[in-house]
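This report concerns only the one structure given below.
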Amino acid sequence: AQDVRKQLVTIMDRYKLDLISGGRNYKIICKAITAGYFTNASKKDPQEGFRTLVDQNPVYIHPSSALFNKNPEYVIYHELVLTSKEYMRNVMEIDAKW
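Residue numbers (the numbering used here): -10 to 87.
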């Protein structure tokens, strides 16, 4: 984690950007992740699971996820794993306005 922070600080310094902490405001981090992974957004499908926003493929929250039995309307995922179904792993609930 410290190596990643050092890399980010170096990049911020190179482009003369201010380094500002979000403190405990995790919404800022969630918005940043959403901005970077917007192509991995999915919307709840009324029939079953989710549909990716980019190509409308059916996807499902992986059973090991903390969001597995929740019903978020929109999510961002990091990766897809194909088994009997295509599962989203590393899932985060997002706000549609982001």
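Note that the Cβ used here is the ideal one computed from N, Cα and C, for glycine as well.
- Assignment of beta-bridge partners to Leu69 by DSSP yields Met77.
- Checking the DSSP bridge columns, you'll see Val48 partnered with Phe39.
- The distance from the Cβ of Glu75 to that of Pro47 is about 7 angstroms, consistent with a contact at the 8 angstroms cut-off.
- In the same chain as Val64, and ignoring 5 residues on each side of it, the C-beta atoms closer than 6 angstroms to its own belong to Ser31, Val80, Glu82, in chain order.
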